[in-house]
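A short worksheet on the structure shown next.
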Amino acid sequence: VTMSDMTLKELLNTAKSLRTEKQLLEKDVKALSASLEEIKEQIRMKMHAEGIEQTSVDGITVFLTDITAYNIADYGLFHDFILKEGHTGLLQRRVSNAYVKDLAKDPRFLEKYGTVPGLVPFAKENVNLRVG
Numbered sequence: 003v004t005m006s007d008m009t010l011k012e013l014l015n016t017a018k019s020l021r022t023e024k025q026l027l028e029k030d031v032k033a034l035s036a037s038l039e040e041i042k043e044q045i046r047m048k049m050h051a052e053g054i055e056q057t058s059v060d061g062i063t064v065f066l067t068d069i070t071a072y073n074i075a076d077y078g079l080f081h082d083f084i085l086k087e088g089h090t091g092l093l094q095r096r097v098s099n100a101y102v103k104d105l106a107k108d109p110r111f112l113e114k115y116g117t118v119p120g121l122v123p124f125a126k127e128n129v130n131l132r133v134g
């Protein structure tokens, strides 16, 4: 039986089962990720204690590297810099649909712009499942 041959009831029950299975797998992935991070921290500490930056054991090579990551300390300053200098590559290119929706409710915004420049709306129909 292919999915297109299923009744609506069969499709809904299959969707429910798949969603439940996905949720369980996501919980497992979270737990595994936490365990992996814990193990990596133990490896890092052990390597520091032994004074090594790289080693191989049983065909597994491990090495320590330093990376630099950044947090925003002053969003206004950061935002103004991007606008002034045009370094938009510092941002991830994703639209906040909730914010666009809020702007569309603001009469002052609508009067001035009508819509957010550069965005093209499209209709997307979601299937929302509730179990219980």
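Residue 65 in the working numbering sits at position 63 of the sequence shown, with consecutive numbering throughout. Don't be surprised by glycine CBs; every beta carbon is placed ideally from N, CA and C.
Which class does residue i belong to by DSSP, given the choice of helix, strand or coil?
i, result
"residue 63", "strand"
"residue 70", "coil"
"residue 94", "coil"
"residue 4", "coil"
"residue 16", "helix"
"residue 9", "coil"
Could you tell me the alpha carbon to alpha carbon distance between residue i and residue j, rounded to whole angstroms?
i, j, result
"residue 5", "residue 16", "9 Å"
"residue 63", "residue 45", "12 Å"
"residue 8", "residue 18", "14 Å"
"residue 109", "residue 92", "31 Å"
"residue 34", "residue 68", "24 Å"
By the DSSP assignment, the alpha helix (DSSP H) with residue i in it spans what residues?
i, result
"residue 122", "That residue, residue 122, is in no alpha helix (DSSP H); it is neither H nor E in DSSP."
"residue 78", "77-87"
"residue 104", "99-105"
"residue 113", "109-114"
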